[in-house]
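Residues in the first sequence are numbered from 7 upward in steps of one, following this note's numbering. Beta carbons: idealized from backbone N, C-alpha and C, even for Gly. Structure record follows, encoded as structure tokens.
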Amino acid sequence: MIKSQLQQWVESCFDKGVAQGLWSSAAANSYVLEEPKHEGQGDYACNAAMIIAGREKKATGKKVNPRKVAEQFVELLRLNTDLLAKVEIAGPGFINFFMHPSVWAQVLAVVDTEDNTFGFAAKKYGQRVLVEFVSANPTGPLSIGHGRQAVLGDSIARLLEAVGYDVEREYYYNDAGRQMRVLGASTQARYLELLGEESQFPEDGYQGDYIRDIAQSIIDDQGDGMQDVTDVLLFKKVAEKAIFKDIDGTLTRMGIKFDHYYNEHTLYDDGHIDEVVSILRDKGLVYEKDDATWFKTSEFGQEKDRVIIKSSGEPTYRLPDICYHREKFKRGYDWMVDIFGADHIATVPDVMAGLTALGYDASKVTVVLHQFVTLMRDGKQVKMSTRKATFVTIDELIDEVGLDAVRFFFLMRKADSQLEFDLEVAKEEGKENPVFYVQYGHARVRTIFTKAVEKGVEPGDFSEADFSLLTLPEELKIMKAIGAFPALVQGAAADLAPHRIVFYLRDLAGQFHHFYNEYRVLDPDQVALSRARLWLMICLSKVLRNGLGLIGVSAPESM
RNA sequence: GCGCCAAUAGCUCAGCUGGAUAGAGCAACGGCCUUCUAAGCCGUAGGUCGCAGGUUCGAAUCCUGCUUGGCGCACCA
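Next comes the structure, spelled out in structure tokens:
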């Protein structure tokens with residue numbers, strides 16, 4: 007906001023320097039404007055002089071003194087006295103900008119006008135992005151790992167919406183195949199078991215109690231009428247329906263709504279699978295060996311070729327995966343984002359190779375891989391195993407710590423990092439718990455407004471507030487932080503990194519708590535100052551609310 | 001054996017395209033409530049950024065090798 011104004015000014019001065027023959031345009035767009043870490047280094051700092059010196063040296067072979075370049079640059083930069091109070095040269099040639107204190111309040115007007123869209127960009131014209139996530143096959147309730155993925159995917163989708171994309175959320179699943187047959191057999195075994203009949207539980211069957219519940223529901227509905235059914239498919243169907251209902255309930259509870267559920271089956275029914283194979287065959291990228299069909303992935307930088315159709319005639323997971331992504335392309339998305347768990351990494355190169363082979367631009371697909379989650383209870387890791395069904399479901403997790411904590415905690419780490427979820431901390435009602443800290447911040451601001459009414463110090467019209475009264479470093483810092491929000495959202499969206507929103511919110515809430523403790527917003531003896539501060543607080547609360555919205559966490563009015 | 005990810009304070013982690021003396025939060029220690037929620041704030045202490053080289057004005061960040069942990073490496077998904 008303020009920064010982009012400065013950015014423009016710096017660029018125009020850079021161009022002036024080029025026009026005056028002070029330096030060439032070689033360094034254009036390669037220098038950066040950043041926020042220095044230390045006090046005394048200004049509000050922003052620019053490394054242009056060093057970059058220019060470097061480029062000039064490369065071009066001419068002559069040594070160029072960065073500080074000298076900085077001096078020339080600063081001569082030009084100084085002229086904007088509306089924006090800048092002071093420009094200094096420091097260190098090896100950094101240019102430090104000290105903004106005119108009055109500039110910061112500009113952002114408040116923007117927040118006031120844009121309100122619940124502050125920080126978000128206008129719709130991009132026709133830019134469609136598809137975010138695929140969760141995509142769990144209906145073999146059991148959503149577990150912790152799916153939870154991280156669900157929250158990550160949904161928040162990424164929210165971020166992309168915030169920067170103007172038309173976003174669609176998609177869930178891809180497969181209700182055929184071996185896993186599902188095992189599910190059917192497991193259900194059947196439990197059914198017979200509950201009826202007191204002899205049964206053989208599959209060796210690799212699903213041992214979770216939910217299978218027993220499903221079996222019981224079959225008994226409730228149809229009694230023992232299915233005893234002689236030999237087709238596990240019937241059991242599979244019932245189990246699948248029940249489990250999907252459960253998954254759907256969990257997702258709804260998490261505030262996540264998918265636009266599409268894409269069933270792998272479609273790919274077979276519509277003949278896309280055969281189509282892809284024949285296209286690849288025509289291109290000479292497919293061959294037969296040992297009764298199986300192989301895809302020449304080695305031609306796309308991989309170690310070896312991979313089987314796409316088993317000798318049994320059944321495709322391996324790669325083929326439908328490639329095919330599915332081809333369908334995404336055909337549906338015309340500008341960008342496709344896949345959220346996968348780290349265990350699915352092996353499919354990524356295969357899909358990319360497949361798409362490239364089919365003539366699509368694979369760079370339009372971005373895969374976000376997230377590492378696993380470890381649950382910690384009393385400082386010890388909670389051991390989980392899917393097969394033994396000792397896993398913790400998302401529903402159980404939400405029951406224990408609440409949805410807001412679940413969402414917030416899953417976003418506290420970047421996707422690349424393993425995530426340690428501390429159940430004790432998540433339940434804490436105090437500043438040790440980051441969700442609580444941020445939400446309490448929001449609630450605390452809001453209560454000032456109700457108090458304001460009681461004390462007869464109301465904010466009045468925004469246009470009548472005198473923000474020149476806000477001169478405290480803390481006040482300016484809050485305005486600066488508010489002003490940085492839109493760029494933060496842009497960056498977090500571009501890098502698919504919702505955890506940055508979390509860090510920002512913790513920081514902003516921290517600034518608020520500090521201010522709240524140090525100064526009083528409401529002072530009947532200083533009405534004008536109180537009004538300005540009230541408006542500052544109103545804007546702050548809106549940014550907290552908008553930020554929490556991006557990660558799907560509620561912003562309570564009181565706690 | 002090969003590939004991907006990670007390695008930063010006692011613990012959990014930030015650090016965006018390399019930037020100036022390394023950042024939070026917890027935990028530890030010491031303070032702050034007659035005033036808008038102390039569900040909070042302030043202060044102190046804490047670091048060879050896994051190890052070794054290299055690239056350059058400048059490296060936690062980029063390159064190479066190594067060590068440790070996680071996940072993969074199927075005619076499972």
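{"Item": "Where do the ends of the alpha helix (DSSP H) carrying THR123 lie?", "Value": "That residue, THR123, is in no alpha helix (DSSP H); it is neither H nor E in DSSP."}
{"Item": "Cα-Cα, which of LYS74, TRP110, ALA96 and SER31 is closest to ALA65?", "Value": "SER31"}
{"Item": "By how many angstroms is the C-alpha of ALA156 removed from the C-alpha of ASP265?", "Value": "14 Å"}
{"Item": "Can you tell which of GLN532, HIS505, LEU514 and PRO562 has the C-alpha that lies nearest to the C-alpha of SER161?", "Value": "HIS505"}
{"Item": "To which residues of the same chain is GLU460 closer than 7 Å at the C-beta, ignoring the five residues directly before and after it?", "Value": "none"}
{"Item": "My guess is that ARG324 and ASP356 are in contact by the Cβ rule of under 8 Å, so how many angstroms apart are they, rounded?", "Value": "5 Å"}
{"Item": "Let's see if you can read the secondary structure: which residues bound the beta strand (DSSP E) around VAL379?", "Value": "379-383"}
{"Item": "Among GLU333, LEU200, LEU273 and THR193, whose alpha-carbon lies nearest the alpha-carbon of VAL244?", "Value": "THR193"}
{"Item": "Which two residues bound the contiguous alpha helix (DSSP H) that contains ASP254?", "Value": "238-259"}
{"Item": "Ignore the nearest five residues each way along the sequence and tell me which others in GLY153's own chain have a CB closer than 7 Å to its CB.", "Value": "ILE400, LEU403, VAL412 and PHE416"}
{"Item": "Can you check which of these residues, VAL75, MET105, ALA115 and LEU83, is closest to PRO98 by C-alpha distance?", "Value": "VAL75"}
{"Item": "What distance in whole Å lies between the Cβ atoms of VAL549 and GLY125, which are believed to be in contact at a cut-off of 8 Å?", "Value": "7 Å"}
{"Item": "Which value, in whole angstroms, describes the spacing of the CA atoms of GLY170 and ALA128?", "Value": "5 Å"}
{"Item": "Between the Cα of TYR522 and the Cα atoms of PRO562, LEU554 and GLY447, which residue gives the shortest distance?", "Value": "GLY447"}
{"Item": "Does DSSP put ARG175 in a helix, in a strand, or in coil?", "Value": "strand"}
{"Item": "Roughly how many angstroms lie between the CA atoms of GLY277 and LEU239, to the nearest whole one?", "Value": "23 Å"}
{"Item": "I'd like the list of long-range same chain contacts for ILE544, defined as Cβ closer than 7 Å, with 5 residues on each side in sequence excluded.", "Value": "PRO465"}
{"Item": "Is the Cβ-Cβ distance between ASN487 and LEU528 less than 8 Å?", "Value": "In the sequence on display, residue 487 carries Ala and not Asn. It is not a contact, given that the beta carbons lie outside the stated cut-off."}
{"Item": "Buried or exposed: which applies to TYR267, given that a residue is buried once 16 or more other Cβ atoms fall within 10 Å of its Cβ?", "Value": "exposed"}
{"Item": "Can you tell me whether LEU85 is buried or exposed? The criterion is at least 16 other CB atoms within 10 Å of its CB, across all chains shown.", "Value": "exposed"}
{"Item": "Take the Cβ of TYR50 as the centre, count every other Cβ of all protein chains shown within 10 Å, and call the residue buried at 16 or more, exposed below.", "Value": "buried"}
{"Item": "Roughly how many angstroms lie between the CA atoms of THR119 and LEU546, to the nearest whole one?", "Value": "14 Å"}
{"Item": "Considering only residues of the same chain and omitting the five flanking positions on each side of MET382, which have a CB-CB separation below 8 Å?", "Value": "VAL388, GLU426, PHE427, ASP428, LEU429 and GLU430"}
{"Item": "My output table needs one value for TYR580: the three-state DSSP class, helix, strand or coil.", "Value": "This structure leaves residue 580 out entirely; the chain is present only between 7 and 565."}
{"Item": "Give me the residue from GLY255, ILE101 and LYS43 with the minimum Cα distance to LEU12.", "Value": "ILE101"}
{"Item": "For the beta strand (DSSP E) containing GLU294, name the first residue and the last one.", "Value": "292-295"}
{"Item": "How about PHE103 and VAL93: do their beta carbons lie closer than 8 Å?", "Value": "yes"}
{"Item": "One question on the structure: do ALA33 and ILE8 come within less than 8 Å of each other, judged by their Cβ atoms?", "Value": "no"}
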